[in-house]
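Residue numbers (this note's numbering), protein chains in the order written: chain S, 2 to 225; chain G, 2 to 225; chain C, 2 to 225; chain X, 2 to 225.
Protein chains: 4
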Amino acid sequence: MAYKRSALMQERLADNRERIVRAARKLIGAGGLREASINAVAAQAGLSTGALYRYFPSKAELFVEVLNDAVRNEVAILDAIVDGEGSAAQRLRAAVRSFAERALEGPHLAYAFIAEPADAEVDAARILCRQQFGNVFKRVLREGIARGEFPAQALDVSAACIVGAYTEALVRPTATQTRRGAGDARLVAEIVEFCARAVGAPLDAGGSGKHHAKTQRTPKRKTA
Amino acid sequence: MAYKRSALMQERLADNRERIVRAARKLIGAGGLREASINAVAAQAGLSTGALYRYFPSKAELFVEVLNDAVRNEVAILDAIVDGEGSAAQRLRAAVRSFAERALEGPHLAYAFIAEPADAEVDAARILCRQQFGNVFKRVLREGIARGEFPAQALDVSAACIVGAYTEALVRPTATQTRRGAGDARLVAEIVEFCARAVGAPLDAGGSGKHHAKTQRTPKRKTA
Amino acid sequence: MAYKRSALMQERLADNRERIVRAARKLIGAGGLREASINAVAAQAGLSTGALYRYFPSKAELFVEVLNDAVRNEVAILDAIVDGEGSAAQRLRAAVRSFAERALEGPHLAYAFIAEPADAEVDAARILCRQQFGNVFKRVLREGIARGEFPAQALDVSAACIVGAYTEALVRPTATQTRRGAGDARLVAEIVEFCARAVGAPLDAGGSGKHHAKTQRTPKRKTA
Amino acid sequence: MAYKRSALMQERLADNRERIVRAARKLIGAGGLREASINAVAAQAGLSTGALYRYFPSKAELFVEVLNDAVRNEVAILDAIVDGEGSAAQRLRAAVRSFAERALEGPHLAYAFIAEPADAEVDAARILCRQQFGNVFKRVLREGIARGEFPAQALDVSAACIVGAYTEALVRPTATQTRRGAGDARLVAEIVEFCARAVGAPLDAGGSGKHHAKTQRTPKRKTA
DNA sequence: CATGAATGAGAATTCATTCAT
DNA sequence: TATGAATGAATTCTCATTCAT
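Given below as structure tokens:
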């Protein structure tokens with residue numbers, strides 16, 4: 002209290018936490034959880050290993066935060082889409098499209114969080130995160146069924162299948178090739194239609210949710 | 002020192018290789034990749050660690066073989082179904098059902114091969130294996146589209162989506178609960194229908210491919 | 002930059018030093034040396050870690066001071082007893098009793114200073130401190146021998162043995178149980194008699210030094 | 002089974018365990034528990050750190066073994082003395098003498114095991130060990146009291162005090178000086194008499210248990 | 001050829017001490 | 001001068017791989 006903590010320092014501190022998370026995200030994105038040792042993360046963040054432990058009590062908790070962070074972001078975007086206007090089918094399509102497009106931008110990260118467990122603790126968090134994704138889809142499915150847009154179906158199974166479907170479709174090419182390109186648009190469109198058909202949505206009359214997609218699509222992550 | 006390599010010895014060698022793979026599969030099935038250390042695998046196989054390295058140059062290569070083995074097995078079963086009789090839709094349903102049912106029986110093995118951390122080499126193999134699964138579905142999709150049973154769609158995307166869909170739907174509950182039970186039948190049925198709808202298959206008139214499922218379903222793995 | 006070093010500041014400095022020592026003592030008493038990290042001590046003292054290093058050049062030196070402090074306190078009490086009135090035997094008994102009683106009240110502190118791991122520097126201080134205790138007993142022994150109350154014996158050996166005897170007798174139960182209780186009075190009495198016999202004191206006729214014990218016993222430490 | 006394990010190899014294995022224990026004992030003896038890091042012990046034993054874990058599951062368990070080893074040795078010797086012939090007083094004197102003499106030979110080791118805890122697990126073992134020493138003295142005390150040689154007294158307290166007394170008397174000089182010398186005989190004799198008086202033993206008529214001491218005294222540790 | 005003991009490079013985590021602000 | 005964030009060496013333990021026997 003005697004000495005004022007300079008604004009610069011305050012910033013540095015908040016910064017460091019963010020830097021660590023970002024460093025972890027970057028490393029995980031680049032090489033999977035395997036490459037993200039505490040030492041590597043600290044180095045990438047420009048800190049010592051000890052410093053890292055000032056911000057996170059354990060590697061597992063850091064990873065859980067990275068995961069939750071990424072998911073919170075995604076879920077917020079999906080929520081906005083799903084709670085928006087239009088038919089359930091339109092919103093479902095827009096949600097799938099939106100998620101798929103962003104996943105294509107951060108390939109390895111998506112992969113790591115979907116298919117590359119580490120610790121029991123992190124694993125548990127991952128399960129929860131996927132359920133969060135699932136919940137978004139459950140909402141729009143429930144509504145669509147109530148409105149008569151979709152046939153009756155098990156919400157949880159369909160929701161999980163949707164998450165799995167685009168996950169797999171995106172992860173596979175992603176894992177091999179690194180360059181993003183022309184095929185992406187088609188890929189996304191096909192995934193969207195797959196999911197739409199899967200839930201029994203009527204054929205898309207006029208552009209697969211472009212209306213919503215236009216406003217919501219692909220916000221950049223605040224931090225790279 | 003000059004051992005004749007008798008037929009018996011040749012057999013012994015082939016035997017050992019098989020024992021190692023089996024041992025690895027058993028350990029992975031029981032406790033995931035984490036439980037399958039080289040020492041544990043060797044012990045389970047009744048061999049020394051050194052001997053194991055006579056058959057496999059590295060842990061990664063052993064795991065790749067275990068993976069390929071399991072997949073070859075699955076793919077053979079799926080092939081038989083897909084190349085069998087009935088409409089494309091029936092065969093697609095039967096294939097999904099068959100795979101899902103078997104995955105539910107050996108949860109940890111499925112989980113390990115889908116979602117557990119491993120080194121890059123094993124990961125790469127994983128991708129290839131999933132492509133193999135995808136290829137099976139591509140065949141039946143192509144046929145169905147040609148026959149006019151399914152609408153036009155990107156084969157590779159749909160195939161990947163199918164693999165991803167049931168993978169996710171199966172892995173998630175598997176990761177949490179260990180006991181198989183009453184819900185399984187419903188789960189499988191829902192996954193099957195999700196996939197059927199997704200590819201635009203006509204509604205199942207009369208029992209979701211029971212015909213084929215009856216003859217093909219759930220062959221036990223030859224070895225435990 | 003040019004601060005007058007006011008009397009108030011001087012006091013503040015002395016104060017801080019004392020606060021640090023007290024904080025360390027409290028933490029050690031509560032949880033042993035292991036709980037008394039530099040950060041914890043600083044926090045407990047309401048100072049920054051950096052500030053702590055203004056008063057003590059190292060952890061070891063701080064602990065040595067804590068140790069010396071505690072011992073100085075004890076030795077003062079023992080001195081008063083030993084230099085008091087009554088036969089040498091009475092005073093010896095009273096001293097042993099007094100020490101034992103206080104040790105039972107602050108078990109962890111006693112234990113820490115007797116038996117916890119520390120670096121070489123602290124260890125060395127420990128030895129010196131025990132010698133200080135020993136010196137008190139040497140004085141009363143010397144006097145008792147001169148008066149013919151005790152038989153001839155090696156002063157230093159007997160003194161050390163006394164310190165060791167009650168140390169051991171006290172530390173052992175302390176390490177296992179935490180609650181102080183009914184057995185304590187008996188324990189103390191037995192230790193007193195053991196030491197009395199050991200130095201060849203005549204049988205206690207009438208109450209094992211209660212006279213002195215009454216006036217001297219168990220002054221509270223000034224600070225908690 | 003196919004390949005016979007050479008006698009030489011067998012020996013090496015048994016040897017290694019012993020070498021590790023010896024290495025730990027040596028390091029502890031030389032510099033206390035502080036100096037006995039896993040790496041240091043392994044190096045001293047001429048092994049890698051990994052090898053050490055083939056023989057001991059943890060550092061704590063290694064230390065407990067070193068401790069138990071040393072104590073088992075001591076207790077066996079004390080048992081033989083205490084269960085030998087002669088008056089209880091003679092045997093008590095002989096036991097104290099025997100222990101004290103051996104402790105003077107391995108100063109730091111004794112110190113480490115008496116006054117230098119490390120781990121909760123090791124600590125617990127130490128308490129038990131001291132109780133084992135105590136038990137030996139309890140036996141001879143009980144017998145002496147029954148025979149009317151010693152006055153009534155609390156066995157456990159007296160036993161603990163004896164252990165503490167010679168411990169302290171031996172440890173202190175030991176911690177400071179390293180050279181053993183002329184004073185040792187006197188030191189031991191004084192400790193013996195202190196303990197004898199302490200339990201109320203009659204004056205030693207003729208040489209402080211030389212009879213027994215002559216036959217039992219100071220067997221060398223089998224391994225250095 | 002088989003054995004399995006030994007290797008040794010990491011991995012996560014802790015904490016006394018320092019030093020920019 | 002006080003602060004407390006940052007340092008980084010040290011610790012215990014793991015396990016894929018090797019190699020003397």
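Cβ atoms here follow ideal geometry from the backbone N, Cα and C, with glycine treated the same way.
query: Closest residue to S/G145 among S/L188, S/R131, S/F134 and S/A160 (Cα-Cα distance); result: S/A160
query: Contacting residues, own chain, Cβ-Cβ under 7 Å from C/V65 (five flanking each side not counted); result: E122, V123 and A126
query: S/F57, DSSP secondary structure in three states; result: coil
query: Where the region 153 to 167 of chain C meets chain X: residues whose CB sits under 8 Å from a CB there; result: Q154, A155, V158, S159, A161, C162, I163, V164, G165, A166 and Y167
query: Proximity of G/V164 and G/R98 at Cβ, strictly below 8 Å; result: no
query: Where the alpha helix (DSSP H) containing S/L48 begins and where it ends; result: Unbroken run through S/L48: none, as it is neither H nor E.
query: CB contact below 8 Å: S/A96 versus chain G; result: no
query: Neighbour flag for X/F64 against chain C, beta carbons, 8 Å; result: no
query: C-alpha gap between S/V158 and S/V193, whole angstroms; result: 17 Å
query: Neighbour flag for C/I192 against chain X, beta carbons, 8 Å; result: yes
query: Reduced DSSP category for X/E75 - H, G, I as helix; E, B as strand; rest coil; result: helix
query: Secondary structure of C/V200, DSSP reduced to three states; result: coil
query: Own chain partners of S/L53 with C-beta closer than 8 Å, once the 5 adjacent residues on each side are dropped; result: I21, I39, V42, A43, A46 and L63
query: Distance between G/L28 and G/L34 (C-alpha atoms, nearest Å); result: 8 Å
query: G/R234: contacting residues in chain S (beta-carbon distance under 7 Å); result: Within the shown structure, residues of chain G are numbered from 2 to 225, placing residue 234 of chain G beyond reach of any answer.
query: Per-residue burial, G/L171 [other beta carbons within 10 Å of its own, 16 or more giving buried]; result: buried
query: For C/D120 and C/A61, believed in contact at Cβ under 8 Å, the rounded distance; result: 5 Å
query: Buried versus exposed, by CB contacts within 10 Å (16 or more), X/G135; result: buried
query: Euclidean distance between Cα positions of X/E75 and C/A166; result: 20 Å
query: Terminal residues of the alpha helix (DSSP H) in which X/R140 lies; result: A121 to A147
query: Three-state secondary structure (DSSP) of G/S38; result: coil
query: G/G85 (DSSP reduced to helix, strand or coil); result: coil
query: Interface residues of chain S facing G/E169 [CB-CB closer than 8 Å]; result: R131, A161, C162, V164, G165, A166, T168 and E169
query: Residue environment, G/T50, which counts as buried when at least 16 other CB atoms sit within 10 Å; result: exposed
query: Spatial distance of G/Y56 from G/E19 (CA atoms); result: 10 Å
query: Assumed close pair X/A90, X/A202 - CB separation to whole angstroms, cut-off 8 Å; result: 4 Å
query: Cutoff 8 Å: C/G149 Cβ touching any chain X Cβ; result: no
query: Close-in-space but distant-in-sequence residues of the same chain around S/A197 (CB under 6 Å, 5 per side omitted); result: R94
query: Which of helix, strand or coil DSSP assigns to X/D185; result: helix
query: Rounded distance between the beta-carbons of S/D80 and S/V137, thought under 8 Å; result: 6 Å
query: Cutoff 8 Å: G/L188 Cβ touching any chain S Cβ; result: yes
query: Close beta carbons around C/V67, own chain, < 8 Å, minus the five adjacent residues each side; result: V22, A25, R26 and I29
query: Cβ neighbour criterion (16 or more within 10 Å) applied to G/E86; result: exposed
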